[in-house]
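Novice: Position in the sequence shown (first residue = 1) + 3 = this note's numbering. All C-beta atoms, glycine included, are put in the ideal place defined by N, C-alpha and C.
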Amino acid sequence: MIDGTPFLKLYARKRGAELDRENAVEAQEQQLLKLVRCAANTRFGRDHDFATIRTVADFQARVPLRRYEDMWRDYWQPTFPRLTDCTWPGTISYFALSSGTTSGTTKYIPVSDDMNKSNSNGAKDMLVHHVRNRPHTKLLGGKNFMLGGSTDLTELAPGIYAGDLSGIVAARLSAWSRPFVYPPREVALIADWEKKIDVLAHGVLKEDIRSVAGTPSWVLLFFERLFALQPERPRNLRAFFPHLEMVTHGGVNFAPYRPQFEALLEGSHAETREVYAASEGFIASADRCPGEGMRLAADNGNFFEFVPLSELGNAKPTRHWVGNIELGVDYAIVVSSCAGLFGYVLGDTVRFVDRKPPRLLVTGRTSYSLSAFGEHLTGEEIEDAVGAAAKAIGAAIADFSVGSVFPDASRSRGGHLYVVEFIGATPDAAQSKRFLDEIDTVLSQCNDDYRAHRFGGFGLDPPLLKAVPRGTFEAWMKSRGQLGGQHKVPRVIANQDLFTSLQAFAAAPTISNTQ
4 MIDGTPFLKL YARKRGAELD RENAVEAQEQ QLLKLVRCAA NTRFGRDHDF ATIRTVADFQ
64 ARVPLRRYED MWRDYWQPTF PRLTDCTWPG TISYFALSSG TTSGTTKYIP VSDDMNKSNS
124 NGAKDMLVHH VRNRPHTKLL GGKNFMLGGS TDLTELAPGI YAGDLSGIVA ARLSAWSRPF
184 VYPPREVALI ADWEKKIDVL AHGVLKEDIR SVAGTPSWVL LFFERLFALQ PERPRNLRAF
244 FPHLEMVTHG GVNFAPYRPQ FEALLEGSHA ETREVYAASE GFIASADRCP GEGMRLAADN
304 GNFFEFVPLS ELGNAKPTRH WVGNIELGVD YAIVVSSCAG LFGYVLGDTV RFVDRKPPRL
364 LVTGRTSYSL SAFGEHLTGE EIEDAVGAAA KAIGAAIADF SVGSVFPDAS RSRGGHLYVV
424 EFIGATPDAA QSKRFLDEID TVLSQCNDDY RAHRFGGFGL DPPLLKAVPR GTFEAWMKSR
484 GQLGGQHKVP RVIANQDLFT SLQAFAAAPT ISNTQ
């Protein structure tokens with residue numbers, strides 16, 4: 004196999020110099036004006052008078068914020084699946100299937116040829132950041148393992164396909180990159196996730212793996228299958244992949260998984276690198292150390308706006324962009340893309356830690372909140388509390404979800420139920436109580452509304468815990484047809500039917516911190 008790393012280093016030198024010179028404000032304004040010029044003759048462009056837009060302010064005055072349901076109803080559904088000159092010029096060839104993690108509703112996100120190029124360029128920028136942080140890299144001296152969904156796409160109409168975004172990416176891999184990627188196409192096409200994992204686990208043992216990429220929860224499940232094949236080896240990645248350089252992750256908050264990955268990477272020289280690649284577009288990737296934020300992809304075919312989370316429900320919320328962002332503010336991210344999304348509320352929340360260049364942290368989902376009783380807990384607060392609780396009892400968590408339980412004949416007040424899948428031994432009664440106590444304490448310290456409801460003599464009962472056996476979340480996701488790939492276990496579930504379906508899989512007894 005030819006080592007492609009020297010060519011990667013040459014590209015990284017050129018692209019890195021471009022990034023060093025980049026003015027993100029100018030780049031974003033140019034991207035927006037290019038988008039509106041390209042889409043001026045589409046139905047959406049005519050409806051919003053794109054031909055007269057000259058500035059960011061013009062765009063914000065003409066294009067209101069929309070969610071998926073609005074775009075679907077007003078522009079995509081009438082001619083679906085053939086969207087021709089609808090919100091983007093030409094015919095959309097691909098749709099990325101994206102399931103709403105709180106509702107379970109499947110979304111069809113347009114993916115144009117321009118978007119495919121944008122996603123590819125975003126992935127190359129991530130490699131550039133790796134090379135610049137590790138000048139002696141030999142990343143393309145072996146294979147780079149992508150644990151994604153099936154590339155077996157569904158044909159919705161002649162020449163129009165739908166499937167997992169990672170499947171679309173894998174199906175469109177450039178010829179130059181294929182020798183450096185694992186798995187091969189015949190394995191990537193396997194639709195049955197469980198069968199695919201077994202084939203991958205056997206096959207990857209024969210490869211010189213230099214990087215691993217995937218959603219953290221599914222990557223951990225894969226490692227468990229891999230370790231089971233050769234139990235005589237140490238349970239760490241160095242024993243299986245001695246030349247591993249990088250683990251790329253994204254899609255979920257990494258904090259609950261970080262201790263497990265640090266243990267797996269102990270003794271290796273591999274690093275973790277976060278990417279923010281949504282079905283709606285490639286948004287950012289980490290150019291520095293973990294926790295220091297991801298650099299916004301300012302010149303890559305998409306334009307981003309940021310609405311203060313506190314204003315998202317307002318009739319006319321303030322719409323910031325990189326020209327006037329503020330540090331430390333929780334924003335709902337809004338994207339206008341080279342696939343025909345304009346003023347589209349993505350559903351994620353971010354917080355900027357740098358302006359030049361703009362770097363952000365993903366802090367949660369706009370829909371990831373618990374407020375059935377007026378407690379107003381954010382997804383970030385909940386994930387931080389669960390992480391602190393796991394650390395307090397020395398436990399590792401594979402996955403968890405939380406939802407509301409309402410008053411009934413047996414209880415006069417409502418509360419929160421945490422369904423948690425622990426790695427290793429299930430906590431005993433004393434550990435479980437401490438786990439819940441820590442969650443209660445952390446949330447009370449960081450959220451005034453929660454503290455008032457918990458300690459004001461009204462509103463909320465103490466939190467509850469269902470510790471479920473290993474594999475419960477995998478079985479639940481399988482039952483929903485969402486096993487593997489980019490599907491993510493929902494952390495906070497506001498939909499009661501969805502939460503009830505999870506509880507049906509959770510057969511273990513419920514534990515309260517009052518016991």
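1) Would you please state the rounded distance, in angstroms, between the beta carbons of Thr218 and Gly254? I believe it to be under 8 Å.
2) Here's a check: name, in chain order, each residue in its chain whose Cβ is nearer than 8 Å to the Cβ of Glu248, leaving out the five neighbours to either side.
3) Using 9 Å as the threshold, is the C-beta distance between Ala30 and Ala393 below it?
4) State the start and end residues of the unbroken alpha helix (DSSP H) segment that holds Glu32.
5) Tell me which same chain residues have a C-beta within less than 8 Å of the C-beta of Leu232, skipping the five on either side of it?
6) Measure the CB-CB distance between Arg57 and Leu38 and report whether it falls below 9 Å.
7) Is Thr352 helix, strand or coil when you go by DSSP?
8) Exposed or buried, what is Lys12 when buried is set at 16 or more other beta-carbons lying within 10 Å of its beta-carbon?
9) How far does the alpha helix (DSSP H) with Pro430 in it reach, from first residue to last?
10) Is it right to say Leu330 is buried, meaning 16 or more other beta carbons lie within 10 angstroms of its own, or is it exposed?
11) So, with DSSP's three-state summary, where would you put Ile385?
12) Verify the CB distance criterion: does Ser115 have a CB-CB separation below 9 Å to chain C?
13) Are the CB atoms of Pro360 and Ala398 within a distance shorter than 9 Å?
14) Please state if the CB of Arg322 and the CB of Gln80 are separated by a distance shorter than 9 Å.
15) Please confirm whether Val389 and Ala509 have their CB atoms less than 9 Å apart.
16) Look at Glu308 and Val356 and say whether their C-beta atoms are less than 9 Å apart.
17) Going by DSSP in three states, Lys110 sits in which element: helix, strand or coil?
18) Identify whether Lys209 lies in helix, strand or coil by the three-state DSSP scheme.
19) Give the secondary structure of Ile400 by DSSP, where H, G and I count as helix, E and B as strand, and everything else as coil.
20) I believe Leu420 touches Lys469 by the beta-carbon criterion, under 8 Å. Please report the beta-carbon distance rounded to the nearest angstrom.
21) Note the first and the last residue of the continuous beta strand (DSSP E) segment covering Tyr334.
22) Could you tell me which residues DSSP pairs with Ser504 in its beta bridges?
23) How do the stretch 113–132 and the stretch 272–292 stand: do at least 3 beta-carbon pairs fall below 8 Å, yes or no?
24) What number of angstroms, rounded off, separates the C-alpha of Gln33 from the C-alpha of Gly304?
25) Do you know offhand how far Asn256's Cα is from Asp88's?
26) Note down, in chain order, each residue of its chain lying with its Cβ closer than 6 Å to the Cβ of Glu210, except the 5 sequence neighbours on either side.
27) Under 8 Å, with one C-beta from each stretch per pair, do the stretch 498–507 and the stretch 399–408 reach the 3-pair mark?
28) Can you tell me where the alpha helix (DSSP H) holding Ala191 begins and where it ends?
29) Of all the options Ile396, Val172, Val190, Leu130, which has the alpha carbon lying nearest to the alpha carbon of Gly1?
30) Nearest-angstrom Cα distance between Leu349 and Ala335?
31) By how many angstroms is the C-alpha of Ala258 removed from the C-alpha of Asp201?
32) Would you please state the rounded distance, in angstroms, between the beta carbons of Thr157 and Gly151? I believe it to be under 8 Å.
33) Can you check which of these residues, Val250, Arg298, Phe98, Glu269, is closest to Glu25 by C-alpha distance?
34) Should the stretch 41–58 be called in touch with the stretch 339–346, which here means at least 3 C-beta pairs below 8 Å?
35) Determine the burial state of Gly484: buried for a count of at least 16 other Cβ atoms within 10 Å of its Cβ, exposed for fewer.
36) Considering only C-alpha positions, which residue in the set Asn450, Glu424, Ile328 is nearest to Ile385?
Specialist: Quick answer:
1) 5 Å
2) His133, Arg137, Thr140, Lys141, Leu142, Arg213, Ser214, His272, Ala273, Glu274, listed in sequence order.
3) Not a contact, by the Cβ cut-off of 9 Å.
4) 27–41
5) Ala204, His205, Leu208
6) Cβ atoms of Arg57 and Leu38: not closer than 9 Å.
7) The three-state secondary structure of Thr352, taken from DSSP, is strand.
8) buried
9) It is not in any alpha helix (DSSP H) - Pro430 carries neither H nor E in the DSSP assignment.
10) exposed
11) Taken through DSSP and simplified to helix, strand or coil, Ile385 comes out as helix.
12) No chain C appears in this structure, which consists of one protein chain only.
13) For Ala398 and Pro360, no; Cβs fall outside 9 Å.
14) No, Cβ-Cβ distance for Gln80 and Arg322 is not below 9 Å.
15) no
16) no
17) strand
18) DSSP places Lys209 in the coil class of the three-state scheme, outside both helix and strand.
19) strand
20) 6 Å
21) 333–339
22) DSSP, once it has assigned bridges, lists no residue as partnering Ser504.
23) yes
24) 9 Å
25) Between the C-alpha atoms of Asn256 and Asp88 there is a straight-line separation of about 37 Å.
26) Hits under 6 Å: Lys146, Tyr185.
27) yes
28) 188–191
29) It is not possible to answer for residue 1, since the shown part of the chain is limited to 4 through 518.
30) Going from the Cα of Leu349 to the Cα of Ala335 covers about 8 Å.
31) 28 Å
32) About 16 Å separates the two Cβ atoms, so there is no contact after all.
33) Arg298
34) yes
35) exposed
36) Of the listed residues, the one whose Cα sits closest to Ile385 is Asn450.
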